[in-house]
Amino acid sequence: MATLELAGLAKSFGALAVLHGVDLALADGEMVVIVGASGCGKSTLLRLVAGLEEPSAGSVVLDGRDVTRLDPAARDIAMVFQNYALYPHMSVFENMAYGLRIRRLGRADIRRRVDQAARMLGIEGLLDRKPRQLSGGQRQRVAMGRAIVREPKLFLFDEPLSNLDARLRVQMRAEIRRLQRRLGVTSLYVTHDQVEAMTLGDRLVVMHEGRPAQVASPLEVFSRPANTYVAGFIGAPAMNFLPARLADAGRAAVLKAGPVIAFADGPRAGRDGRALIIGIRPEDVTVLPEGAAQGLRLAVDLVEPLGSETLLHGRLPGGAAFTVQRAGMVRVGEEMTVGFSPASLHVFEAETGRRLEPVSLAPPARVESSAAMHGSR
Amino acid sequence: MDRRTIFGGRLLPIAFVLPQLLVTFLFFLLPAGKAIYGSFTQTDAFGLHTRFIGFANFVSLLDDAGYRAAFGRTAIFCALVTLLAMASALLFAIFADHEIRGRAIYRTLLIWPYAVAPAVSAVLWVFVMHPEVGIVGRELGRFGIHWDYTVNGTQALGLVIVASAWTQVSYNFVFYLAGLQSIPSSVIEAARMDGAGGFRRFRTIVFPLLMPTTFFLLIVNLVYAAFDTFGTIMALTRGGPGQATVTLVVKVYRDGVVNLDLAGSSAQSVILMLIVIGLTAVQFRFLGRRTIS
Ligand SMILES: Nc1ncnc2c1ncn2[C@@H]1O[C@H](COP(=O)(O)OP(=O)(O)O)[C@@H](O)[C@H]1O
Ligand SMILES: [Mg+2]
Chain A
0 MATLELAGLA
10 KSFGALAVLH
20 GVDLALADGE
30 MVVIVGASGC
40 GKSTLLRLVA
50 GLEEPSAGSV
60 VLDGRDVTRL
70 DPAARDIAMV
80 FQNYALYPHM
90 SVFENMAYGL
100 RIRRLGRADI
110 RRRVDQAARM
120 LGIEGLLDRK
130 PRQLSGGQRQ
140 RVAMGRAIVR
150 EPKLFLFDEP
160 LSNLDARLRV
170 QMRAEIRRLQ
180 RRLGVTSLYV
190 THDQVEAMTL
200 GDRLVVMHEG
210 RPAQVASPLE
220 VFSRPANTYV
230 AGFIGAPAMN
240 FLPARLADAG
250 RAAVLKAGPV
260 IAFADGPRAG
270 RDGRALIIGI
280 RPEDVTVLPE
290 GAAQGLRLAV
300 DLVEPLGSET
310 LLHGRLPGGA
320 AFTVQRAGMV
330 RVGEEMTVGF
340 SPASLHVFEA
350 ETGRRLEPVS
360 LAPPARVESS
370 AAMHGSR
Chain B
0 MDRRTIFGGR
10 LLPIAFVLPQ
20 LLVTFLFFLL
30 PAGKAIYGSF
40 TQTDAFGLHT
50 RFIGFANFVS
60 LLDDAGYRAA
70 FGRTAIFCAL
80 VTLLAMASAL
90 LFAIFADHEI
100 RGRAIYRTLL
110 IWPYAVAPAV
120 SAVLWVFVMH
130 PEVGIVGREL
140 GRFGIHWDYT
150 VNGTQALGLV
160 IVASAWTQVS
170 YNFVFYLAGL
180 QSIPSSVIEA
190 ARMDGAGGFR
200 RFRTIVFPLL
210 MPTTFFLLIV
220 NLVYAAFDTF
230 GTIMALTRGG
240 PGQATVTLVV
250 KVYRDGVVNL
260 DLAGSSAQSV
270 ILMLIVIGLT
280 AVQFRFLGRR
290 TIS
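Right, dumping it as structure tokens:
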């Protein structure tokens with residue numbers, strides 16, 4: 000168990016800059032999930048922490064000790080790989096015992112630790128098998144077991160569930176969370192799956208092109224996304240974005256599609272006419288009765304029935320794509336009028352994509368600077 | 000899916016396999032049969048009468064101290080050629096595997112020797128190691144080494160071992176490199192995270208995972224050293240000085256072609272054939288038709 004601090008961690012492969020300086024602090028026992036699109040540098044960040052790659056700049060401090068230049072072996076970190084990376088020629092027991100033998104633990108100690116971890120993971124019966132005789136889910140457990148028996152300061156997970164089928168993934172997700180809580184080991188978990196991120200993380204780091212776009216609790220990321228990238232990435236179906244302009248001395252927005260919406264939570268800074276993007280989640284949209292005076296006309300061009308809900312995709316006047324989520328199975332016509340409560344709006348600055356908070360609530364620094372990434376839970 | 004191709008009639012398929020059968024018959028089955036026949040017979044000095052003498056040729060071979068010496072020499076020769084060729088190939092393959100940038104050039108450089116015919120490769124070694132004209136050989140005297148493989152038997156044996164191994168390194172290298180590259184890098188990284196240093200990773204992860212490749216190469220190299228080094232040895236030392244570099248194949252040639260002891264040399268050939276059959280059987284027994292790496 001330990002704390003972890005990353006400061007200005009950057010990595011370039013030749014001319015290709017993959018990470019542009021990441022600051023992040025993990026509290027003891029905390030599970031932080033790094034989520035982002037494929038290729039945004041998540042694995043690279045994890046490998047820098049592990050010591051498998053050398054950073055171009057910045058430092059990694061584990062439990063108060065600078066380990067930036069240390070070999071992986073000297074860091075006391077365990078990692079679970081996406082493809083499990085089990086030793087193919089060793090039995091499950093030997094796979095788990097390998098790191099302990101290197102640490103010169105006694106035979107009895109090794110036996111006890113491996114048995115305990117195997118019991119925890121429900122793989123006691125598999126200890127004599129070779130990895131090729133195991134199913135994907137079982138291999139996954141062995142990989143976890145190999146990390147657990149080491150009792151390391153830090154766990155690293157690189158998309159450990161992405162090779163499993165959907166049902167098993169949900170089950171293992173819950174199990175990983177339970178295990179991590181129970182063992183209390185500080186963990187850094189990488190995934191491209193936002194559901195995994197939301198359910199597993201004490202805090203999320205939403206990565207975008209080698210930079211943390213937001214570092215906050217899952218709830219915070221969902222309800223107050225720091226910018227349009229985060230807003231569009233977290234939440235399914237994705238948030239709708241409507242171009243608009245500031246009006247009425249900052250107290251309202253004029254949508255390009257027509258209507259004027261008064262902000263429910265207070266005025267935004269800036270001159271009238273400032274370009275904005277208004278975000279609205281599909282589940283916050285309501286369908287208004289036919290002939291309602293207010294609201295937006297939506298021309299529906301695709302209906303996706305998902306069972307417990309139905310997604311309606313279409314276009315607003317002016318051409319912006321728009322999605323509505325309705326509970327249950329519904330039948331709809333080609334046209335409808337939709338509306339939303341002003342309280343459910345997200346306001347972003349069009350130029351930078353950054354979230355605009357009401358001026359009365361003095362925009363907190365957390366959204367803007369890297370200082371936010373050291374924030375506590 | 001059925002991948003067989005069906006040819007109509009009987010003549011066409013026969014016409015297709017006939018040349019191959021003919022070659023096999025003329026250059027393999029016929030001489031092999033003659034050798035087996037010859038090994039059980041004795042022909043008088045004028046070549047007029049041939050009579051069947053059972054295992055007498057084999058018995059006298061085993062009694063022959065020269066043959067037993069050649070046998071021991073060949074065993075040492077094969078062991079050292081195989082060890083040298085495989086160990087250096089593995090070393091080069093590890094370097095190449097690590098050095099991603101250098102990989103292309105490594106590959107080309109190390110595959111060269113394999114493309115060089117034994118006689119040509121032997122000439123290269125003469126250029127390098129000959130006591131008078133070789134660029135290295137003529138300089139060795141300066142360092143107090145009395146180097147002359149044309150009179151010193153041990154030096155001659157050493158030279159043919161190194162030259163034979165050199166030719167085989169490329170072949171082994173290709174297989175070892177393929178073997179190394181088939182080990183997922185995450186497995187190596189997992190071992191690093193588990194705390195294993197470079198040598199331990201090699202000993203406990205890499206080498207065991209290369210075992211099928213190693214076993215395959217072991218057989219191939221033993222067969223190579225025992226049989227395919229004939230050209231190299233003849234070009235470098237012709238078996239000399241004295242008997243110093245006479246391996247079993249060289250002895251077959253010396254006794255049969257040079258000294259015209261056809262019966263004895265036939266018996267030797269049969270023994271060599273049995274050795275090859277044995278090695279191949281071992282290989283099939285353990286590797287079967289499994290693909291390497
Ligand atoms: N060893 C490497 N050499 C060169 N480029 C690399 C290397 N590793 C990763 N990259 C590049 O860095 C970027 C980020 O990769 P990665 O961290 O694996 O992304 P993610 O895990 O988020 O999908 C990609 O564009 C990838 O091609
Ligand atoms: Mg990745």
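Heads up: the sequence lines are chains A and B, in that order.
Counting with numbering that gives the first Met the number 0, you get residues 0 to 376 for the letters of the first sequence.
Counting with numbering that gives the first Met the number 0, you get residues 0 to 292 for the letters of the second sequence.
We put the beta carbon where it would ideally sit given N, CA and C, even for glycine.
Keep in mind it's a predicted model, so treat the numbers as computed, not measured.
- Compile a chain-ordered list of the residues in the segment 61-84 of chain A whose CB is closer than 7 Å to at least one CB of chain B. Answer in chain order: 71, 72, 76, 77, 78, 80, 82 and 84.
- Message: Below 7 Å on C-beta distance, what does residue 193 of chain B contact in chain A?
- Response: Those are 97, 98 and 101, listed as they occur along chain A.
- Contact list for the segment 155-189 of chain B against chain A, Cβ threshold 7 Å: Hits within the stretch, in order: 183, 185, 186, 188 and 189.
- To which residues does DSSP link residue 81 of chain B through a beta bridge? In the DSSP output, where bridge partners are listed per residue, residue 81 of chain B has none listed.
- Item | DSSP three-state assignment for residue 162 of chain A, whether helix, strand or coil | Coil, per DSSP.
- Query: Which of helix, strand or coil does DSSP assign to residue 63 of chain A?
  - Reply: DSSP places residue 63 of chain A in the coil class of the three-state scheme, outside both helix and strand.
- Every unbroken alpha helix (DSSP H) within the segment 202-280 of chain A, with a cutoff of 4 residues, ordered by chain: Runs of alpha helix (DSSP H) with 4 or more residues, each lying fully within the segment 202-280 of chain A, are found at 217-222 and 227-232, listed in chain order.
- Message: So, with DSSP's three-state summary, where would you put residue 102 of chain A?
- Response: If DSSP states are grouped into helix, strand and coil, residue 102 of chain A belongs with coil.
- What three-state label does DSSP hand residue 244 of chain B in the structure shown? Coil.
- Task: Output the boundary residues of the beta strand (DSSP E) element that contains residue 191 of chain B.
- Result: DSSP places residue 191 of chain B outside any beta strand (DSSP E); the residue lies instead in the alpha helix (DSSP H), whose first and last residues are 184-192.
- Item | Option nearest residue 179 of chain A by Cα separation, candidates A/144, A/191 and A/246 | Residue 179 of chain A has its Cα closest to that of A/144, out of A/144, A/191 and A/246.
- Message: Going by the DSSP bridge assignment, what does residue 76 of chain A pair with across the sheet?
- Response: According to DSSP, residue pairing for residue 76 of chain A in a beta bridge involves A/153.
- Sequence-ordered residues whose beta carbon comes within less than 5 Å of a heavy atom of ligand 1: Qualifying residues, in the order they occur: A/12, A/17, A/37, A/38, A/39, A/40, A/41, A/42 and A/43.
- Message: Buried or exposed for residue 26 of chain B, going by 16 or more other Cβ atoms inside 10 Å?
- Response: Looking at its Cβ environment, which holds fewer than 16 other Cβ atoms inside 10 Å, residue 26 of chain B is exposed.
- Item | Per-residue DSSP class, three states only, for residue 186 of chain A | If DSSP states are grouped into helix, strand and coil, residue 186 of chain A belongs with the strands.
- Residue interval of the alpha helix (DSSP H) (run including residue 237 of chain B): For residue 237 of chain B, there is no enclosing alpha helix (DSSP H), since its DSSP letter is neither H nor E.
- Query: Do we get a CB-CB distance below 7 Å when we pair residue 88 of chain A with the residues of chain B?
  - Reply: Closer than 7 Å: yes.
- Could you name the residues of chain A that residue 208 of chain B contacts, counting a contact when the two beta carbons are closer than 9 Å? The answer, in chain order, is 86, 87 and 88.
- Taking Cβ-Cβ distances shorter than 9 Å, what residues in chain A pair up with residue 196 of chain B? Residues of chain A passing the Cβ test: 70, 72 and 101.
- Looking at C-alpha atoms only, which residue of A/127, A/136 and A/113 is the closest neighbour of residue 96 of chain A? When C-alpha distances from residue 96 of chain A are compared across A/127, A/136 and A/113, the shortest belongs to A/113.
- Item | 7 Å Cβ cut-off: residues of chain A touching residue 13 of chain B | Going along chain A, no residue has its Cβ under 7 Å from residue 13 of chain B, so there is no contact; the nearest lies around 45 Å.
- Query: Is residue 81 of chain B closer than 7 Å to residue 247 of chain B when the C-beta atoms are compared?
  - Reply: Contact: no.
- Message: Less than 7 Å between the beta carbons of residue 278 of chain B and residue 218 of chain B, yes or no?
- Response: Yes, the pair counts as a contact, with Cβ atoms nearer than the cut-off.
- Query: According to the Cβ coordinates, are residue 167 of chain B and residue 84 of chain B closer than 7 Å?
  - Reply: For residue 167 of chain B and residue 84 of chain B, yes; Cβs fall inside 7 Å.
- Item | Distance between residue 324 of chain A and residue 310 of chain A (C-alpha atoms, nearest Å) | Residue 310 of chain A and residue 324 of chain A have their C-alpha atoms spaced approximately 5 Å apart.
- Item | Unbroken beta strand (DSSP E) run spanning residue 30 of chain A, endpoints | Boundaries of the beta strand (DSSP E) harbouring residue 30 of chain A: 30-35, taken from the DSSP string.
- Item | Per-residue contacts from residue 270 of chain B into chain C (C-beta, under 8 Å) | The structure shown has no chain C; the protein chains it does contain are A and B.
- Candidates A/177, A/182, A/322 and A/206: closest to residue 190 of chain A by CA position: Taking only the C-alpha atoms, the option nearest residue 190 of chain A is A/206.
- Query: Within this structure, are the beta carbons of residue 200 of chain B and residue 189 of chain B separated by less than 7 Å?
  - Reply: Contact flag unset, no.
- Message: Going by C-alpha to C-alpha distance, which of A/22, A/35 and A/73 sits closest to residue 56 of chain A?
- Response: Minimum Cα distance to residue 56 of chain A is reached at A/22.
- May I ask you to report which of helix, strand or coil DSSP gives residue 283 of chain A? The DSSP-derived three-state label of residue 283 of chain A is helix.
- Message: For residue 18 of chain A and residue 5 of chain A, I'd like the C-alpha separation in whole angstroms.
- Response: Pairing residue 18 of chain A with residue 5 of chain A, the inter-Cα distance amounts to about 12 Å.
- Message: Helix, strand or coil, according to DSSP, for residue 300 of chain A in the structure here?
- Response: In the structure shown, the three-state DSSP call for residue 300 of chain A is strand.
- Message: Is residue 51 of chain A close to chain B? Criterion is C-beta to C-beta, closer than 7 Å.
- Response: At least one C-beta of chain B is nearer than 7 Å to the C-beta of residue 51 of chain A.
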